[in-house]
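Protein chains in written order, with the working numbering: chain E, 1 to 348; chain F, 1001 to 1348; chain X, 2001 to 2348; chain C, 3001 to 3348.
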């Protein structure tokens, strides 16, 4: 038996999305975003975020992140991000390529989160020699984070306030935004533009879609002036989908009737149970479990037992003999799998 | 009633592809191409082309074209293509952006086709002043062409021979390769590497998929040396799909059991009927109808009648008062629609 | 004896410039343009052009052209230029590289000159399909032209008016602007911003400097908003000179006391004499001689005689058996050399 | 009185270089490097380095560094450099722009120097997830360093050996190579290719030239295969000088008869005296004085006294109330100035 905790991008496609695709498949409609599903998506997103937004679907999160950063920073700018951010460690410098030389400036922080203090310190201590130095023009935050934690609206607001005060745009990598919102007690609006986010990469793929990501633009001046640059650059890096309506249809189904939050709730709930179960079995967790990821420090025997039980997951080495196992739940994870893994670990 | 002849990318998704997606949706599998469907795709493509190939799925034809050109030409190179080629007129310079400054060099030719004479003349008469001039390093052919015609294997072979003799790589834009193969009397192998094609953009989207395009590598030296550059650049422009298995699954279903050629046969057959019907009604055709596109020169009254009958299609102006209507059939076009359009035109 | 008519960039450095370099060599001063010579250059240029300007020295004309185009067009834009323009045929696509994918759109025209009609026709007949097509955002003119002719202020004004009306910026490649101004009966101001030029590449190298080119910004909005992009991009392509004061010193000496126009007058005068002498000897000229270049159609015997007399020059083939010889005079050409060449040709 | 210790790029041009320029100014010669001075330069460089080399003059050190890195690393590669390296902190990401997305990976080290241990640790601890992660493909060393220290041949050899073993190319930033060689007891050959350096940026500008930098290629395979990429990219970023012979003439005069080392000896000697004098006056030095830079930790009163004496120099703040003053000597610095500064400090 395989019990997949490798990543939520190993999950399948949820029935609501498949039903929407099947329905859309029967119809003709215009290409390149001039279709009815894409028009509905813009209205749906405005509804979700409680304000007018610009919506630009693309096929991958890397494309969404890179395009969003490219249109909110000059090519000679720099973007501060967490040292473990996906844009920094997992996109092979795509933001630099698509951003025509835009650079990333990693800053460390506990549990995958940046703090105003850490960002300020970075800004204040780096060399600044005018035209010779890259100016910092952007801040990219990830919510939920790569450590499975989430930012509160107060934390986001303080970081955005700092960024704006220092002339920086705020980008949110929302590949797992659904997991951040589910059970947060804050609305999508409060967790984005309400907290100062200017532009966002909003991902549905990990949450139950097949391939549906979108750049969502909040800032009024960007809505006024920046959309041609998004549309042009999206086209020029091959991310204007001819049958865009199928990406839009995925989003429409996933956002409709709260599917996205329900699916994320399920994943978050299983992660919580998994974390509690592992902790009860004496396993130390590297980060608090706040969304759909559990980071468990496993000694060799425990790790072997979990593997033997059929669990797949990624590990990183640690300073001691343990490994840090990243265990990711998704909309398609099953409680039985979680329990099986807990049992395997508890028995080790 | 809407009768859509605007483009084959306005069509839906064929049932075979939808069935494969539905099946794949139920499963977990690895991300980023390390999945079973992608492994099967490589075998399937080798089967279709009767030789080992490299296969790199992406979401759009623009991405496939641009990546294929970028990895077969140096950034300072130039690519000769038809003046009406998609890469030249419809991709907002994406091959230049993704190719780090690669330039395109359009050459005219009747019915959407290049000839060895025209290419030679271009090469022989352009200025060459060493490092100051862009060297021509590639030839990009489109089959079936933007004019709905197709190249014979002999024509392809002569162009490739010329290109190779002059140090140029040969790329094939196969966004409508299915239509070129269907009924051609030549195999996919004969129409590609057998005729000297080094690398290809193979599109399934227009032929019945949702979003499935692939770079297919034939040339032995590229298979040996060039795949890291494809993989890296694909990642860096955001075209490595996390759930790539769904792109592979589309291709597998579409290529399996000859679905692709059967669907293309249908489209080609309807276009042939449409062309014959219009000609019988006295309409002049701009190009021979060899695949799934009909270019009809419509006088204002006829054009108005066709529009009134609900037909959607693109037009371009001509030197006289007629418009050139591009009428595209697809796997999902219906005979009744073709007949309705013919009737409307005949009645005008 | 070598009689060099190959190019004005084969000439040496005029004494006034050398004297200024020798004087500057004795001093310390700040690097990267914060020096006194660079401050004086800005004032000197304002004097020459009779208005405030932005001045950005660089080492080559290719850099000046590429940077000027890059900061006045979006990366997705296109620039119309003459089919023989230096940016189109002699810079190995540098404007595209430095312009992050900016494309050039050549338009033909007699004697190296564009006309409003030809530009309009190009704009009106090219395909425009929205985001899929590169929009034309710039017009680049060369004065004096690659054919050695010059534009009148009326011609420049008409082209600029057309460009601005259609939303295009106007760039002037002034690698040989001195030759265009000398004897023109129009001032530098009238031949640039007075005729609608927004930004210019102003070259002193061909006219007697060692390596001194500058981007000169006229348009008010660019002066307000565009200079950071020039400064940043100049730095990022390695064109901010550490000892910029030596480039500025060259310009100051060359522009001072009308040296530039005097030196250009000399070159133009020799070209006029050369053209007249060749015509008198029965040689057909391809273009009117208006500045410092003569394009002579030489039959094989005449060509051989000129070569035998020690003359160096570039040729291009023609449809008949003659070659088109490009004969360039410069500030350092000698009347005796011109006469020797005329004699050799007359004797052939 | 101004006593300039701000930078060696604030110095003038040494008489030997000016004499060569004056001589070259009188002559015609071919453009774009096809001249006699450039041919002599290639021979002269081969003589200096005791082996055949490729030589490519450019106008700035940033251009030389960026081009050298761009042609020895794939665009998707990464280059390890010291955290204070010029390419990292002073070139506004030019290596990334010219390298089409090449990234820099800073590693800290005492006194401006990298060690094999620090580089190994960086390589071993960074995340590597295949195509998602930038691979480290290059190592860039600076000699003399930004801290005014120098590497021994043994240190360079150990770093190069590590780099080559791990598949990385070795680049040397030699903006102050003359200062590193002068008095080193090792030859230019021993300090470059003899110690494993594949390619070098060799600067004469700081050492007494006006604007003369060169990419020098050592590695046999690069000499065989890589020069077209250098020539093309140099052209495409506007760094092929039309009157290249004047850059070559500067180098020829500067390298001839050991001028470069004599001038560097002078600068190094003055720095040594300055360092000793400051130390005798009780000033703490941040780094050992091994070439032409002194880093002095000055308390506010001393700093004020030095300023009052007319000394210009850059400072950086430190954790305590002192500033770190960077005092740079050059070929044109005078002993009297050094003594004046020492006196001013000693009197404070």
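Beta carbons: idealized from backbone N, C-alpha and C, even for Gly.
{"Item": "From X:2031, X:2076 and X:2165, pick the residue whose C-alpha is nearest to that of residue 358 of chain E; which is it?", "Value": "Summary: the structure shown does not reach residue 358 of chain E, with chain E confined to residues 1 through 348, and so no result is reported for it."}
{"Item": "List the whole-angstrom C-beta distance separating residue 3082 of chain C from residue 3114 of chain C, where the pair is believed to meet the contact cut-off of C-beta under 8 Å.", "Value": "5 Å"}
{"Item": "In three-state terms, what does DSSP make of residue 3015 of chain C?", "Value": "helix"}
{"Item": "Please report how far the alpha carbon of residue 2175 of chain X lies from the alpha carbon of residue 3206 of chain C, in whole angstroms.", "Value": "29 Å"}
{"Item": "Tell me whether residue 154 of chain E is buried or exposed, calling it buried when 16 or more other Cβ atoms sit within 10 Å of its Cβ.", "Value": "exposed"}
{"Item": "May I ask which residues mark the beginning and end of the beta strand (DSSP E) holding residue 2082 of chain X?", "Value": "2078-2082"}
{"Item": "Roughly how many angstroms lie between the CA atoms of residue 1300 of chain F and residue 1282 of chain F, to the nearest whole one?", "Value": "14 Å"}
{"Item": "Let me check one thing: in DSSP terms, what residues is residue 3201 of chain C bridge-paired to?", "Value": "C:3173 and C:3215"}
{"Item": "Is there at least one Cβ from chain F nearer than 8 Å to residue 241 of chain E's Cβ?", "Value": "yes"}
{"Item": "At least one CB of chain C closer than 8 Å to the CB of residue 1132 of chain F: is that the case?", "Value": "yes"}
{"Item": "Taking Cβ to Cβ, would you say residue 2072 of chain X is nearer than 8 Å to residue 2255 of chain X?", "Value": "no"}
{"Item": "Residues of chain E with CB under 7 Å from residue 1029 of chain F, in chain order?", "Value": "10"}
{"Item": "In terms of residue numbering, what span does the alpha helix (DSSP H) encompassing residue 3251 of chain C cover?", "Value": "3244-3255"}
{"Item": "I need the DSSP call for residue 3229 of chain C, collapsed to helix, strand or coil.", "Value": "helix"}
{"Item": "Could you tell me the distance, in whole angstroms, from the CA atom of residue 1124 of chain F to the CA atom of residue 3025 of chain C?", "Value": "38 Å"}
{"Item": "By the 7 Å beta-carbon criterion, what residues does the stretch 75-86 of chain E contribute toward chain C?", "Value": "76"}
{"Item": "Only counting the same chain, and skipping five residues up and downstream in sequence, which positions put a Cβ closer than 8 Å to that of residue 1119 of chain F?", "Value": "1080, 1107, 1139, 1159, 1162 and 1163"}
{"Item": "Tell whether a beta-carbon distance below 8 Å holds between residue 2053 of chain X and residue 2041 of chain X.", "Value": "no"}
{"Item": "Which of the residues in the stretch 203-233 of chain E, read from start to end, lie with their CB under 7 Å from any CB of chain F?", "Value": "205, 210, 211 and 232"}
{"Item": "Does the beta carbon of residue 2243 of chain X fall short of 7 Å from some heavy atom of the ligand MN?", "Value": "Only the bare structure without any ligand can be found here, which leaves the ligand MN out of the picture."}
{"Item": "Less than 8 Å between the beta carbons of residue 3209 of chain C and residue 3250 of chain C, yes or no?", "Value": "yes"}
{"Item": "Whose CA, out of E:183, E:304, E:303 and E:307, lies closest to the CA of residue 265 of chain E?", "Value": "E:183"}
{"Item": "With which residues is residue 2316 of chain X paired in a DSSP beta bridge?", "Value": "X:2324"}
{"Item": "Does residue 3298 of chain C come out as helix, strand or coil in the three-state DSSP assignment?", "Value": "strand"}
{"Item": "Consult DSSP for residue 1168 of chain F and reduce its assignment to one of helix, strand or coil.", "Value": "coil"}
{"Item": "Of all Cβ atoms in chain F, is any one closer than 8 Å to the Cβ of residue 238 of chain E?", "Value": "yes"}
{"Item": "Which same chain residues end up closer than 8 Å to residue 2112 of chain X when comparing Cβ atoms and leaving out the 5 residues on each side of it in sequence?", "Value": "2082, 2084, 2142, 2145, 2146, 2147, 2148, 2149 and 2287"}
{"Item": "Looking at the unbroken alpha helix (DSSP H) that takes in residue 262 of chain E, where does it start and where does it end?", "Value": "259-280"}
{"Item": "Using a beta-carbon distance below 8 Å, is residue 2054 of chain X in contact with chain E?", "Value": "no"}
{"Item": "With C-beta atoms as the reference, is residue 2292 of chain X less than 8 Å away from residue 2008 of chain X?", "Value": "yes"}
{"Item": "Determine the contact status of residue 237 of chain E and residue 1039 of chain F, defining contact as a CB-CB distance below 8 Å.", "Value": "no"}
{"Item": "Whole angstroms are fine: how far does the CA of residue 3031 of chain C sit from the CA of residue 1196 of chain F?", "Value": "41 Å"}
{"Item": "Check the C-beta distance from residue 3049 of chain C over to residue 3260 of chain C and give it rounded, since I have them as a contact under 8 Å.", "Value": "Actually they do not touch by this definition, with Cβ atoms about 13 Å apart."}
{"Item": "If we cut at 8 Å on Cβ distances, does residue 3091 of chain C have a partner in chain E?", "Value": "yes"}
{"Item": "Since residue 2240 of chain X and residue 2329 of chain X are thought to touch, with beta carbons under 8 Å apart, how far apart are those beta carbons, to the nearest angstrom?", "Value": "No, residue 2240 of chain X and residue 2329 of chain X are not in contact; Cβ-Cβ is about 33 Å, not under 8 Å."}
{"Item": "Would you list the one or two residues that DSSP bridges to residue 3107 of chain C?", "Value": "C:3082"}
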